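A.B. asks: The listed protein sequences correspond, in order, to chains C and D.
Position 112 (the first sequence) corresponds to 149 in my numbering; numbering is contiguous.
Position 109 (the second sequence) corresponds to 112 in my numbering; numbering is contiguous.
Ideal placement from N, C-alpha and C gives every residue a C-beta, glycine not left out.
The structure displayed is predicted, hence computed values, not measured ones.
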Amino acid sequence: MREAHQSDETGRVQARRAPAPASAARQEQVGAALLGLQRRAGNAVVVRALQTKLTVGGAGDRFEREADEVADQVVPSLRAAMSHPQPGDGVRRRPEDIPSGRIQAIALGPVRHELGSRSPARTGRVQRNGDGLDTFLEKLKETSDLTSLRGQVTEWKGEDVERAARHFGVPRFQDIVFALGHELLGKTTASEMCALDPKNPLAVPVGSLAQRVDIAKRWKVSAGDFATHLAVVAPTEGGTPTGALMKAAREYGVAFPARFEAVLGHGSFSTDGVKPEVELVSQPERDQVWQDKRLMAKAKGLLNTNDYLDLLPMLRVFTPPTGATIAGAQPGWDKHISSDQVDIYITQHLSHYVGKLVGRKAQGEISVVGDEDWELAFRRQWPTLDPMLVKPNAFVDVDQPKRQIWIHKDRGDSGTAIHEGMHKYASDNIRNIMRVKFPGRLPISQLDEGLTEYFTRLVTSKLGITRTSYPNPLKFATSIIGVISEATAAKAYYDGDLDLLVNTYLTKTARSTAQWELFAKALEEENWTVATRVWNTGA
Amino acid sequence: VDQAWRDRELQRAETLLSAEWSGLELHRQDAHPPPDAIGAVDGFGVVMADHGLQASVYLFEAWGAGRDAAAMLKEMTDGDRYRAASALNGALMLLAVAEADEPAAVAALDQLIGAFSGME
Numbered sequence: 038m039r040e041a042h043q044s045d046e047t048g049r050v051q052a053r054r055a056p057a058p059a060s061a062a063r064q065e066q067v068g069a070a071l072l073g074l075q076r077r078a079g080n081a082v083v084v085r086a087l088q089t090k091l092t093v094g095g096a097g098d099r100f101e102r103e104a105d106e107v108a109d110q111v112v113p114s115l116r117a118a119m120s121h122p123q124p125g126d127g128v129r130r131r132p133e134d135i136p137s138g139r140i141q142a143i144a145l146g147p148v149r150h151e152l153g154s155r156s157p158a159r160t161g162r163v164q165r166n167g168d169g170l171d172t173f174l175e176k177l178k179e180t181s182d183l184t185s186l187r188g189q190v191t192e193w194k195g196e197d198v199e200r201a202a203r204h205f206g207v208p209r210f211q212d213i214v215f216a217l218g219h220e221l222l223g224k225t226t227a228s229e230m231c232a233l234d235p236k237n238p239l240a241v242p243v244g245s246l247a248q249r250v251d252i253a254k255r256w257k258v259s260a261g262d263f264a265t266h267l268a269v270v271a272p273t274e275g276g277t278p279t280g281a282l283m284k285a286a287r288e289y290g291v292a293f294p295a296r297f298e299a300v301l302g303h304g305s306f307s308t309d310g311v312k313p314e315v316e317l318v319s320q321p322e323r324d325q326v327w328q329d330k331r332l333m334a335k336a337k338g339l340l341n342t343n344d345y346l347d348l349l350p351m352l353r354v355f356t357p358p359t360g361a362t363i364a365g366a367q368p369g370w371d372k373h374i375s376s377d378q379v380d381i382y383i384t385q386h387l388s389h390y391v392g393k394l395v396g397r398k399a400q401g402e403i404s405v406v407g408d409e410d411w412e413l414a415f416r417r418q419w420p421t422l423d424p425m426l427v428k429p430n431a432f433v434d435v436d437q438p439k440r441q442i443w444i445h446k447d448r449g450d451s452g453t454a455i456h457e458g459m460h461k462y463a464s465d466n467i468r469n470i471m472r473v474k475f476p477g478r479l480p481i482s483q484l485d486e487g488l489t490e491y492f493t494r495l496v497t498s499k500l501g502i503t504r505t506s507y508p509n510p511l512k513f514a515t516s517i518i519g520v521i522s523e524a525t526a527a528k529a530y531y532d533g534d535l536d537l538l539v540n541t542y543l544t545k546t547a548r549s550t551a552q553w554e555l556f557a558k559a560l561e562e563e564n565w566t567v568a569t570r571v572w573n574t575g576a
Numbered sequence: 004v005d006q007a008w009r010d011r012e013l014q015r016a017e018t019l020l021s022a023e024w025s026g027l028e029l030h031r032q033d034a035h036p037p038p039d040a041i042g043a044v045d046g047f048g049v050v051m052a053d054h055g056l057q058a059s060v061y062l063f064e065a066w067g068a069g070r071d072a073a074a075m076l077k078e079m080t081d082g083d084r085y086r087a088a089s090a091l092n093g094a095l096m097l098l099a100v101a102e103a104d105e106p107a108a109v110a111a112l113d114q115l116i117g118a119f120s121g122m123e
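#1: What residues in the stretch 78-111 of chain D have a beta carbon less than 9 angstroms from any beta carbon of chain A?
#2: What in chain D is Cβ-close to S404(C), meaning under 7 angstroms?
#3: I'd like to know if A65(D) contacts chain C, where contact means its C-beta is closer than 8 angstroms to some C-beta of that chain.
#4: Decide if T265(C) is buried, meaning its Cβ has at least 16 other Cβ atoms within 10 Å, or exposed.
#5: Indicate whether at least one CB of chain D lies closer than 8 angstroms to the CB of A414(C).
#6: Let me see if you follow: with CB-CB separation under 8 angstroms, is E23(D) close to chain C or not?
#7: Here's the rule: buried if 16 or more other CB atoms are within 10 angstroms of the residue's CB, otherwise exposed. What is I140(C)?
#8: Any beta carbon of chain C sitting closer than 8 angstroms to that of I116(D)?
#9: Using the Cα positions of T421(C) and G477(C), report the straight-line distance between them to the nearest angstrom.
#10: Let's test the definition: count the other Cβ atoms within 10 Å of the Cβ of T574(C) and tell me whether it reaches 16, buried, or not, exposed.
#11: Should P294(C) be labelled buried (16 or more other beta-carbon atoms within 10 Å of its own) or exposed?
#12: Can you find a C-beta in chain D that's less than 8 angstroms from the C-beta of R448(C)?
#13: When burial is assigned at 16 or more other CB atoms within 10 Å of the CB, is H373(C) buried or exposed?
#14: In chain D, what lies closer than 9 angstroms to H456(C) by C-beta?
#15: Please determine, among R11(D), F119(D), Q114(D), the residue with the shortest C-alpha to C-alpha distance to N564(C).
#16: Leaving out five residues before and five after Q400(C) in sequence, what residues of the same chain have Cβ atoms less than 7 angstroms from its Cβ?
#17: Could you check how far apart the C-beta atoms of K499(C) and T356(C) are, in whole angstroms? I think they sit under 8 angstroms.
#18: So which residues of chain C does L19(D) contact, with C-beta pairs closer than 7 angstroms?
#19: By the criterion of Cβ-Cβ separation under 7 angstroms, what are the contact partners of D113(D) in chain C?
#20: Is the Cβ of D371(C) closer than 8 angstroms to any Cβ of chain D?
#21: Evaluate E46(C) with the Cβ neighbour count: other Cβ atoms within 10 Å of its Cβ, from every protein chain shown; 16 or more gives buried, anything less gives exposed.
#22: Taking Cβ-Cβ distances below 9 angstroms as the criterion, which residues of the stretch 522-549 of chain C are in contact with chain D?
#23: Note the first and the last residue of the continuous alpha helix (DSSP H) segment covering V520(C).
#24: Output, in sequence order along the chain, the residues in the stretch 354-367 of chain C whose CB is closer than 9 angstroms to any CB in chain D.
#25: Can you give the Cα-Cα distance for L340(C) and S305(C), rounded to whole angstroms?
#26: By DSSP, does F355(C) sit in helix, in strand, or in coil?
#27: Give the single residue among D71(D), A103(D), G42(D) whose Cα lies nearest to the Cα of L62(D).
#28: Give me the chain C residues within the contact set of V49(D), using Cβ-Cβ distance strictly less than 8 angstroms, ordered along the chain.
#29: Taking the alpha carbon of H30(D) as the point to measure from, which residue in A58(D), D45(D), E102(D) has its own alpha carbon closest?
#30: State yes or no: is the beta carbon of V4(D) nearer than 8 angstroms to at least one beta carbon in chain C?
#31: In chain D, what lies closer than 7 angstroms to T279(C) by C-beta?
#32: Here's the rule: buried if 16 or more other CB atoms are within 10 angstroms of the residue's CB, otherwise exposed. What is D134(C)?
#33: Less than 8 angstroms between C-beta atoms, sequence neighbours within five positions excluded: which residues of the same chain meet that for T80(D)?
#34: Give the straight-line distance between the Cα atoms of P278(C) and T359(C), rounded to the nearest whole angstrom.
#35: DSSP three-state call for F475(C): helix, strand or coil?
#36: Does the separation of the CB atoms of I502(C) and G452(C) fall below 8 angstroms?
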């Protein structure tokens, strides 16, 4: 025999044995009796009688006594019907009763009704089968295929949206869905619920970010679920800056990786938009993001190439090299030197040259990456070069607006990061002018690299690091510095004053501009023999 | 050591020493001394056509692990008769030796070291 549960007047749930379902003939008799009473005493008495009999019992006037007699006939029939659990009837189902694949939240029990209202059963309000919100809620409990409900929601009438808004105390359709998701489904399906956004023409105006935060707080939405909600609404939130979404998530207590992930799909995502928020977090928090392969793959898939590549230095990606580690190695001797350490070394050993340079730094400008990101950055900067033939250890985005630095995790030596960091302290002028005026086989300037290597070695020599890069450009840069002085060369290099370098050289050597240009051309073309000859003889 | 990584790094070394990149015509030979004699896991040698310059490339099991061997080999070889130079590039190490009385070989030594050190 099936057991049914029913609340008594104290609200406690009692188990009762349900009578057998009423026969059709018996139901006709009951119906006739109810109609007769209704004609003579009105709806209110009938309803009250049924409610009373179902709940508290009691006695009254003649009509009420008659109503009681009718109710005595009716109630067993109703109870028989109630013994068959119906959606939303308050019957707590056993897990084994739930068909496989159904939403697990069914086991949580009945749908919450409007705040401050009584349930339809107690108010006597007649539910209209097939109508808006009620039907949606009923269907929701019967299916795990949420997309099948899309049509249901799009057919909501204005009053359904308004009822839903009151029901969940929220102002916006998307947030109604958000609240529904949390009320009925829990975090794992909240995103599915939000994905139902039907572009409903009846949807109420877009709610503000502050409203959503308020909703989340009222519904006691967890930080993780709030991040999920933001991730779902982010693609349609073009009007809300990405940074504002991240800030709201931070203030809500969402962990950095989750709030970072939440805004990846933002309709107008930009790395500049999230930069202030990223700058706020600690390096271990940034490490959590860039070391998460799933998350970075998602970022790569959702963002355009420029935004993705801009993210890497912002996160200060510092991928360790392949292979074993060397126990007890000095910092930077078993892997590249970090960008913040580069700043420390350069400012410590070249303070007399770089101390007054405002805003120049390596931190946040260098990424140490593996093959995939390396190739992506390389192809953006050098689309005509073959990364398999030219295998640089590192390069500067000389043709990109942000001129970031890329170092391959498995290449270079302990001084590579310092050499690249030196480029960030230098002006771009010498490089830009020389590579245009005297183009060589590579899109770099040998004079610029020679000067960079010269100042790099002023630092690395203090650190016990042996450098071997750019031996010939260094040789000529050292020769030039021998003529014009290190201080003049530094001013030209860091301030970008190539004229100062050339004019000082011409003055000191009494040579002509033509002779300088002959030398410079040979230097940039890596014609070391000719460069040496012109340097020595002027011809 | 992962074989795929080992193959990739040795291939990178070949690229760095290729005529297209270094500007030098080099022929393959065995590394000298052999890799296992200096704690390397693999390696190969190259020589210029006129034999005025020889070089050996070694692969170590970790980034920068060839540092001590590079310094030791350079110190042992460099002198009046030979000019020696060494360079590190990740887990790769190059030892190059030129005959001191051969200006072309000495010039090629710098060129080879520069090419192996890589573009930065």
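C.D. replies: From the atom records:
#1: Among the protein chains of the structure shown, namely C and D, there is no chain A.
#2: In chain order: nothing, as chain D lies at least about 15 angstroms away.
#3: yes
#4: buried
#5: It does not: the Cβ of A414(C) has no partner Cβ on chain D nearer than 8 angstroms.
#6: When Cβ-Cβ separations below 8 angstroms define contact, E23(D) makes contact with chain C.
#7: Note that I140(C) scores a pLDDT of 24, beneath 50, so its modelled location is shaky; the value from the coordinates is reported in the next line. With 16 or more other Cβ atoms within 10 Å, it is buried.
#8: yes
#9: 15 angstroms
#10: exposed
#11: buried
#12: yes
#13: buried
#14: E123
#15: Closest option to N564(C), Cα to Cα, is Q114(D).
#16: S376, D377, D380
#17: Contact doesn't hold; Cβ gap of about 27 angstroms is too wide.
#18: By Cβ distance, chain C contributes K428.
#19: P508, N509
#20: yes
#21: Its pLDDT being 36, under 50, E46(C) is placed unreliably in this model, and the value from its coordinates should be taken loosely. Exposed is the call here.
#22: none
#23: 508-521
#24: From the stretch 354-367 of chain C, only P357, P358, T359, G360, A361, T362, I363, A366 have a Cβ closer than 9 angstroms to chain D.
#25: 10 angstroms
#26: strand
#27: G42(D)
#28: Near V49(D) there are no residues of chain C at all, since even the closest Cβ is about 17 angstroms away, more than 8 angstroms.
#29: Distances from the alpha-carbon of H30(D) to those of A58(D), D45(D), E102(D) put A58(D) closest.
#30: yes
#31: Going along chain D, no residue has its Cβ under 7 angstroms from T279(C), so there is no contact; the nearest lies around 34 angstroms.
#32: At D134(C), the pLDDT of 33 sits below 50, so the modelled position is not reliable and the matter cannot be decided from this model.
#33: A87, L98, V100
#34: 39 angstroms
#35: coil
#36: yes
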